[in-house]
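Chemist: Please read through the structure below; I'll follow up with questions.
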Amino acid sequence: MRFIVCKFYLFFFCILISCNNQNNKEPFNLYGNSHRTSSYEKLGRFWMGISTLENVKTTDGKGFASIPLALSDNKFVCSTIDGFILLFQHTSLLWEFKLDTNEYLVSDIAALPNEDLVFVTNKNFLYSISNSGVLKWRIPIFDSASYLSTLLATKSSIYFSTSTKKIKRYDFNGKLKWSIELPLETTSSFAEFNNDNLVSNLTYNEVGKTDTIIFVNSNGEVRWKKFFPLVRFLRSPTVWKDKIFTFGYTETQGSYVGFLFCLDSTGNVLWTKEFGLVPRYISVSDDGFLYLCLYNTGLGETLTKIYKIDNQGKILAQQNIGAIFHSPFFISQQILCSIGYTRGNPSLIFLDSDLNLWKTIDLTKFPNVINIPAFLSDCGLIFVSTVSNHFVRIDENPVIKLLPW
Numbered sequence: 031m032r033f034i035v036c037k038f039y040l041f042f043f044c045i046l047i048s049c050n051n052q053n054n055k056e057p058f059n060l061y062g063n064s065h066r067t068s069s070y071e072k073l074g075r076f077w078m079g080i081s082t083l084e085n086v087k088t089t090d091g092k093g094f095a096s097i098p099l100a101l102s103d104n105k106f107v108c109s110t111i112d113g114f115i116l117l118f119q120h121t122s123l124l125w126e127f128k129l130d131t132n133e134y135l136v137s138d139i140a141a142l143p144n145e146d147l148v149f150v151t152n153k154n155f156l157y158s159i160s161n162s163g164v165l166k167w168r169i170p171i172f173d174s175a176s177y178l179s180t181l182l183a184t185k186s187s188i189y190f191s192t193s194t195k196k197i198k199r200y201d202f203n204g205k206l207k208w209s210i211e212l213p214l215e216t217t218s219s220f221a222e223f224n225n226d227n228l229v230s231n232l233t234y235n236e237v238g239k240t241d242t243i244i245f246v247n248s249n250g251e252v253r254w255k256k257f258f259p260l261v262r263f264l265r266s267p268t269v270w271k272d273k274i275f276t277f278g279y280t281e282t283q284g285s286y287v288g289f290l291f292c293l294d295s296t297g298n299v300l301w302t303k304e305f306g307l308v309p310r311y312i313s314v315s316d317d318g319f320l321y322l323c324l325y326n327t328g329l330g331e332t333l334t335k336i337y338k339i340d341n342q343g344k345i346l347a348q349q350n351i352g353a354i355f356h357s358p359f360f361i362s363q364q365i366l367c368s369i370g371y372t373r374g375n376p377s378l379i380f381l382d383s384d385l386n387l388w389k390t391i392d393l394t395k396f397p398n399v400i401n402i403p404a405f406l407s408d409c410g411l412i413f414v415s416t417v418s419n420h421f422v423r424i425d426e427n428p429v430i431k432l433l434p435w
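Residues 31 to 435 in my numbering are what the sequence shown spells out, letter by letter.
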């Protein structure tokens with residue numbers, strides 16, 4: 031009997047070790063994950079019952095300057111105009127880290143699987159700060175770029191691209207593993223395919239040129255390129271399992287034509303969808319449903335078209351919404367949300383997974399907020415103000431949270 035008990039404790043200890051193995055944890059990136067799907071379904075279903083303005087105490091009272099990044103245990107990190115990095119739990123400030131004088135972030139923040147933070151500053155340093163707010167290292171990136179892509183953290187590395195047409199890979203100790211030259215700039219972000227293989231759009235940023243999607247392996251070798259004549263790519267490719275989704279548009283006889291492409295891991299185009307509007311954002315659910323947002327810019331054109339499409343290219347639902355969206359649709363269980371502007375006024379818009387409108391929350395009564403919130407692990411949302419020490423918290427009535435449905 032004693033032998034059986036000892037074996038049980040040994041087995042339980044091994045489970046604890048494996049559960050706490052950092053190699054099994056995911057990094058923290060904008061747009062949901064390293065695949066850029068904008069899916070937060072693992073958290074549950076977003077709360078949307080109440081919106082409140084929360085005053086928070088920080089050293090720098092001028093407002094927040096970066097998109098907030100949610101970590102575990104309802105924590106999230108953001109930065110201020112004067113170069114403070116701050117970690118909150120809900121609305122409680124846990125610590126502040128101050129950069130040097132006149133130094134501030136020029137990138138977003140990403141977090142490693144152990145929740146150490148990485149970012150780039152205007153003084154061309156790549157920083158790593160521990161999850162307790164202590165400087166681990168800072169290294170010069172030796173690049174005169176005026177623009178950086180959104181940072182990408184994987185289970186082993188940190189990536190970003192620059193306006194000098196490079197993609198760089200660093201390990202978690204700040205060592206440059208490789209830097210590759212590109213013929214064109216990348217779009218504002220790119221995605222991990224798997225195991226530190228990358229997919230990225232390269233663009234001229236002009237209509238009528240030939241943009242490219244590339245696949246870069248973990249050694250920094252471009253394994254394949256796929257050219258798309260006359261197509262201008264927008265934003266990042268999105269990866270779901272063994273499929274890559276990317277979108278762009280062209281101009282034909284004074285009208286815009288939008289395209290959604292599905293590629294396999296070797297660069298073959300599996301299917302293409304054509305639209306009479308410009309695709310702006312794409313999100314992909316965990317079970318492979320695509321949510322595509324399209325609209326044209328122009329005087330008086332405020333109509334957005336939303337599609338739900340399966341991963342074989344079949345349109346399952348569509349909806350017209352009188353708003354211009356400034357973020358992808360973020361996906362939770364049964365509920366989508368996005369920031370839309372109606373007649374210039376910002377609103378938080380909630381839809382169900384079949385694109386039926388559920389609720390809108392007027393944000394004009396709050397101080398200016400950055401248009402992507404932190405998605406907390408309890409399914410609350412936190413927006414940060416750019417002009418004051420305020421958060422806008424989207425939550426639920428505590429009584430509703432206790433109900434079994």
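No residue lacks a Cβ here, since even glycine has one placed at the ideal position from N, Cα and C.
Expressed to the nearest angstrom, what Euclidean distance is found between the alpha-carbon atoms of Ser362 and Ser102?
Modeler: As a working mapping, residue 362 is identified with position 332 in the sequence shown. As a working mapping, residue 102 is identified with position 72 in the sequence shown. Those two C-alpha atoms are separated by around 16 Å.
Chemist: Can you tell me whether DSSP reads Leu406 as helix, strand or coil?
Modeler: Counted from its first residue, the sequence shown places residue 406 at position 376. Correct three-state label for Leu406: coil.
Chemist: Closest by CA to Val414, which one among Lys207, His120 and Ser68?
Modeler: Working through the sequence shown from its first residue, we reach residue 414 at position 384. Cα-wise, what sits closest to Val414 is His120.
Chemist: Among Glu56, Phe380 and Lys395, which residue has its Cα nearest to the Cα of Leu411?
Modeler: Taking the sequence shown and counting its residues from 1, one reaches residue 411 at position 381. Of all alpha-carbon atoms in Glu56, Phe380 and Lys395, the one lying nearest the alpha-carbon of Leu411 is that of Phe380.
Chemist: What I want to know is whether the C-beta of Ile354 ends up closer than 7 Å to one or more non-hydrogen atoms of the ligand PLP.
Modeler: Ligands in the displayed structure: none, and consequently the ligand PLP is not present.
Chemist: Taking the alpha-carbon of Gln342 as reference, which of Ser176, Ser357 and Leu320 has the nearest alpha-carbon?
Modeler: Translated into the one-based positions of the sequence shown, residue 342 becomes position 312. Looking at the Cα atoms, Leu320 is the closest of the given residues.
Chemist: Skipping 5 residues on each side, what residues in its chain have a beta carbon closer than 7 Å to that of Thr89?
Modeler: In the sequence shown, counting from the first residue as 1, residue 89 sits at position 59. Phe114 and Glu126, listed in sequence order.
Chemist: Quick one: complete beta strand (DSSP E) runs, 3+ long, within the region 222–290?
Modeler: 227–233, 241–246, 252–258, 268–270 and 273–282
Chemist: Could you give the first and the last residue of the continuous beta strand (DSSP E) run that contains Arg423?
Modeler: Your numbering for residue 423 matches position 393 in the sequence shown. Counting along the chain, the beta strand (DSSP E) containing Arg423 begins and ends at His420 to Asp425.
Chemist: My understanding is that Phe396 touches Leu129, with C-beta atoms under 8 Å, so please give their C-beta distance in whole angstroms.
Modeler: Translated into the one-based positions of the sequence shown, residue 396 becomes position 366. Translated into the one-based positions of the sequence shown, residue 129 becomes position 99. Not really, about 28 Å apart at Cβ, beyond 8 Å.
Chemist: Does the separation of the CB atoms of Ser179 and Asp226 fall below 8 Å?
Modeler: Mapped onto the sequence shown, residue 179 falls at position 149. Mapped onto the sequence shown, residue 226 falls at position 196. The answer is no: Cβ separation not under 8 Å.
Chemist: Taking Thr302 as the reference, which of Trp167, Leu293 and Leu73 has the closest Cα?
Modeler: The sequence position of residue 302 within the sequence shown is 272, counting from 1. The shortest Cα separation from Thr302 among Trp167, Leu293 and Leu73 belongs to Leu293.
Chemist: Would Asn132 be called buried (16 or more neighbouring beta carbons within 10 Å of its own) or exposed?
Modeler: By 1-based counting over the sequence shown, the position of residue 132 is 102. By the neighbour-count rule (16 or more Cβ atoms within 10 Å), Asn132 is not buried but exposed.
Chemist: Let me see if you follow: with CB-CB separation under 8 Å, is Phe202 close to chain B or not?
Modeler: Among the chains of the structure shown, chain B does not appear; only one protein chain is present.
Chemist: Run through DSSP, which three-state label would Lys303 get?
Modeler: Within the sequence shown, residue 303 is the residue found at index 273, counting from 1. Three-state result, Lys303: strand.
Chemist: Check the C-beta distance from Ser69 over to Val229 and give it rounded, since I have them as a contact under 8 Å.
Modeler: Reading the sequence shown from its first residue, position 39 is the one you call residue 69. Reading the sequence shown from its first residue, position 199 is the one you call residue 229. 17 Å between Cβ atoms; not a contact.
Chemist: Out of Val287, Tyr157 and Lys55, state which residue places its alpha-carbon closest to the alpha-carbon of Ile188.
Modeler: Translated into the one-based positions of the sequence shown, residue 188 becomes position 158. For the residues Val287, Tyr157 and Lys55, the minimum Cα distance to Ile188 belongs to Tyr157.
Chemist: By DSSP's criteria, Leu181 is part of a beta bridge. Which residues make up the other side?
Modeler: Taking the sequence shown and counting its residues from 1, the one referred to as residue 181 is at position 151. The partner list for Leu181 (beta bridge, DSSP) is empty, contrary to what the question assumes.
Chemist: Phe190 to Ser218, Cα distance in whole Å?
Modeler: In the sequence shown, counting from the first residue as 1, residue 190 sits at position 160. In the sequence shown, counting from the first residue as 1, residue 218 sits at position 188. When rounded, the distance between both Cα atoms is 10 Å.
Chemist: Output needed for Ser248: all residues of its chain with C-beta closer than 7 Å, excluding positions within five of it in sequence on either side, in chain order.
Modeler: Taking the first residue of the sequence shown as 1, we reach residue 248 at position 218. Here the set comprises Asn225, Asp226 and Asn227.
Chemist: Go through its chain and collect everything with a Cβ distance to Pro428's Cβ below 6 Å, but skip five positions before and after it.
Modeler: In the sequence shown, counting from the first residue as 1, residue 428 sits at position 398. Answer for Pro428: no residue qualifies.
Chemist: Mapping DSSP to helix, strand and coil, what is Glu71?
Modeler: Start at 1 with the first residue of the sequence shown, and residue 71 comes out as number 41. If DSSP states are grouped into helix, strand and coil, Glu71 belongs with the helices.
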